[in-house]
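For reference, the structure discussed in these notes is given below.
2 protein chains.
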Amino acid sequence: MSRAKKNRAESIDPQSIPKAVVNRLSLYLRELQHVVRSGRETTSSSRLGSRLGFTDAQVRKDLAYFGQFGHPGVGYRCQELIEAIRRILGTDLGWPVALIGVGNLGRALLGYRGFNRQGFRITAAFDVEQAKVGAQIEGVEVYHLDQLEQVLLKHAIRVAVITVPATAAQEVADRLVDCGIEGVVNFAPVTISLPDSVSLVGVDLAIELEQITFSVVNRTNSR
Amino acid sequence: MSRAKKNRAESIDPQSIPKAVVNRLSLYLRELQHVVRSGRETTSSSRLGSRLGFTDAQVRKDLAYFGQFGHPGVGYRCQELIEAIRRILGTDLGWPVALIGVGNLGRALLGYRGFNRQGFRITAAFDVEQAKVGAQIEGVEVYHLDQLEQVLLKHAIRVAVITVPATAAQEVADRLVDCGIEGVVNFAPVTISLPDSVSLVGVDLAIELEQITFSVVNRTNSR
DNA sequence: TGGTGTGAATGCCTTCACAGCG
DNA sequence: CGCTGTGAAGGCATTCACACCA
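These protein sequence lines map, in sequence, to chains D and A.
Residues 10 to 232 in the working numbering are what the first sequence lists, from first letter to last.
Residues 10 to 232 in the working numbering are what the second sequence lists, from first letter to last.
Rendered as structure tokens:
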């Protein structure tokens, strides 16, 4: 099926893989796609690393968690490694995604091209405002939140993106869990708690800016 | 000036503080604000920690990098700690922010309330499309990218948010650096390189989803 | 020569455990 | 008694260094 080199060992316990490694895997994938677009067919751990700010050893160690993908003396064949990483991340499967909360940010995500490119497709949107229900935005139907369970089942949706106001986020999350959701990306600026059988990633736009101001303020103005 | 307890030591080298600690600091801040809104005046390291998924020791250690904020037998007084963290992050200063790229995502961020609440204000937006230049969106003036230097200087803007397409991101970043920018949050799905005198945080919406699918696919369906 | 994969060493972050204080 | 601040211990992730391969 695939021409991966020695695939004998899918045997490592996936639970034991550091979160940071998985994050870097996504960065490798993005960078590999960039390399392909720029016309190169192979790259190396040191090239990849220096582009992303990691050591070459780090890159090799990360990939070694999942198998043997490199070719000594050559490096990594981009297309081959891209396919491998997409299989590892699961994005080769194509994921229908639900979006809850059709406000400014929700609408922006509905129009975001990057999702499709990486194997995601927002398949249904939800809101509680009747004025929005029934509309099509960027080709995606907007349902009332009460239709959540029905629509998730119909489209076999397993992951959701939350873009509702902070005050509503926990309640929405609970309803998603009741409907059997398996993973959530939360853009509401509040901590939500879920059973740990459900995967959760939080993105807070203000927090990203805070990380910047901290390092700007605390930069030693040498150099 | 402030009633922080023993503030003798701002003496720790800020460079030596782990990135992860600063990240959690932002989470503590957000949670403390939540606690205040819910009517409580104090909280404790264990309460904070369990809400956010950290141990109590972790919370205390993190805060100890920056000083002594707690009250034995009582815990942390929310308002006091909020102010301390905002000073540490620098967000007590109020930051004018530039936004480059008035597309879907850019527009959404222009309307995002959360920034103001945390001490940021998008003060100027930029684009290269003449149709957008001159408009006011959410009360923010849209300038042509060629006016970048002039406007940044005028408003004393030191940090910027990039929401342009991936193909334009590096060039925009370079221009920002030329104008003396000190920090950048990059929402374009591509790695950009900057002199390391400039702080950089990247946010890739598709990558967040990839983290979710990985853990969903690799969940051991026990429990 | 140019590059991978990987045990061993290093270093950093987290957790433990407890003294000390209100 | 409750809870903080912190040295010491522990564990985990990164880096080093080298055998091996094309």
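No residue lacks a Cβ here, since even glycine has one placed at the ideal position from N, Cα and C.
Only a predicted model underlies this, so the values are computations on that prediction, with no experimental measurement involved.
Minimum C-alpha distance to residue i - residue among the options
{"i": "D:Gly128", "options": "D:Lys141, D:Ala175, D:Asp101 and D:Tyr121", "result": "D:Asp101"}
{"i": "A:Leu118", "options": "D:Thr222, D:Glu217 and D:Phe223", "result": "D:Glu217"}
{"i": "D:Glu158", "options": "D:Ala134, D:Thr52 and D:Ala144", "result": "D:Ala134"}
{"i": "A:His80", "options": "A:Asn32, A:Ala66 and A:Thr51", "result": "A:Thr51"}
{"i": "D:Lys141", "options": "D:Gly123, D:Leu161 and D:Gly115", "result": "D:Gly115"}
{"i": "A:Asn125", "options": "D:Gly103, D:Leu57, D:Pro198 and D:Phe223", "result": "D:Pro198"}
{"i": "A:His43", "options": "D:Gln179, D:Gly82, D:Tyr74 and D:Val44", "result": "D:Gln179"}
{"i": "A:Ile190", "options": "A:Leu162, A:Thr176 and A:Ala177", "result": "A:Leu162"}
{"i": "D:Arg46", "options": "A:Thr176, A:Gly48, A:Ser53 and A:Gln139", "result": "A:Thr176"}
Residue j beta carbon less than 8 Å from that of residue i
{"i": "A:Leu90", "j": "A:Leu41", "result": "yes"}
{"i": "A:Ala215", "j": "A:Ile201", "result": "no"}
{"i": "A:Gly192", "j": "A:Ser206", "result": "no"}
{"i": "A:Leu98", "j": "A:Leu61", "result": "no"}
{"i": "D:Arg95", "j": "D:Phe63", "result": "no"}
{"i": "D:Val30", "j": "A:Phe223", "result": "no"}
{"i": "D:Val160", "j": "A:Ile221", "result": "no"}
Residues of its chain near residue i, where Cβ-Cβ distance is below 7 Å and the 5 sequence neighbours each way are ignored
{"i": "A:Pro105", "result": "Arg130, Thr132, His164, Ala165 and Ile166"}
{"i": "D:Glu219", "result": "none"}
{"i": "A:Ser55", "result": "Asp65"}
{"i": "D:Ala144", "result": "Val151"}
{"i": "D:Leu57", "result": "Tyr37, Glu40 and Val68"}
{"i": "A:Lys28", "result": "none"}
{"i": "D:Val83", "result": "Thr51"}
{"i": "D:Gly120", "result": "Glu147"}
Neighbouring residues, chain D, relative to residue i (Cβ below 8 Å)
{"i": "A:His43", "result": "Val199 and Thr200"}
{"i": "A:Gln24", "result": "Asn227 and Thr229"}
Contacts of residue i in chain D (Cβ-Cβ under 9 Å)
{"i": "A:Thr222", "result": "Leu98, Gly99, Thr100, Leu102, Trp104, Gly128, Phe129, Arg167, Val168, Gly192 and Ser208"}
{"i": "A:Phe78", "result": "The contacting residues do not exist; A:Phe78 stays about 17 Å from chain D at best."}
{"i": "A:Leu114", "result": "Leu114, Ala117, Leu118, Gly120 and Tyr121"}
{"i": "A:Ser47", "result": "By Cβ distance, chain D contributes nothing, its closest Cβ being about 11 Å from A:Ser47, past 9 Å."}
Contacts of residue i in chain A (Cβ-Cβ under 7 Å)
{"i": "D:Glu217", "result": "Val194, Val210 and Val212"}
{"i": "D:Leu61", "result": "Thr200"}
Cross-chain neighbours of residue i in chain D, by beta carbon under 7 Å
{"i": "A:Val68", "result": "Under the 7 Å cutoff, chain D gives no residues; its nearest Cβ is about 13 Å from A:Val68."}
{"i": "A:Glu7", "result": "The question about residue 7 of chain A has no answer, for chain A in this structure spans 10 to 232."}
{"i": "A:Ser31", "result": "Before going further, note that residue 31 of chain A is Val rather than Ser in the sequence given. Within 7 Å Cβ-Cβ: Gln220 and Phe223."}
Close Cβ partners of residue i (< 6 Å) along its chain, the five nearest in sequence each way excluded
{"i": "A:Glu92", "result": "none"}
{"i": "D:Leu185", "result": "Ala169"}
{"i": "D:Leu38", "result": "Ile94"}
{"i": "D:Val137", "result": "Leu154"}
{"i": "A:Phe75", "result": "Ile97"}
{"i": "D:Ser53", "result": "Gly84"}
Same chain, Cβ closer than 8 Å to residue i, five either side skipped, listed in chain order
{"i": "D:Val212", "result": "Val194, Asn195 and Phe196"}
{"i": "D:Asp187", "result": "Glu158"}
{"i": "A:Leu203", "result": "Ala182, Val186, Val193 and Leu209"}
{"i": "A:Arg232", "result": "Unreliable placement is indicated for A:Arg232, whose pLDDT of 41 sits below 50; the coordinate value is still reported in the next sentence. Nothing listed; no residue qualifies."}
Neighbour list for residue i in chain A, Cβ cutoff strictly below 9 Å
{"i": "D:Phe124", "result": "Leu214, Ala215 and Leu218"}
Under 8 Å by beta carbon: chain A residues contacting residue i
{"i": "D:Ser55", "result": "Per Cβ cutoff of 8 Å: no residues; D:Ser55 is ~15 Å from chain A at best."}
### the segment 141-154 of chain A in contact with the segment 103-120 of chain A per 3-pair CB rule at 8 Å
Output reads yes: the segment 103-120 of chain A touches the segment 141-154 of chain A.
### Query
Does the segment 110-124 of chain A come close enough to the segment 168-179 of chain A that 3 or more CB-CB pairs lie under 8 Å?
yes
### Task
Examine the Cβ distances between the segment 68-87 of chain D and the segment 135-151 of chain D and report whether three or more of them are shorter than 8 Å.
Output reads no: the segment 135-151 of chain D does not touch the segment 68-87 of chain D.
### Message
For the pair the segment 22-31 of chain D and the segment 219-230 of chain A, tell me if three or more CB-CB distances fall below 8 Å.
### Response
yes
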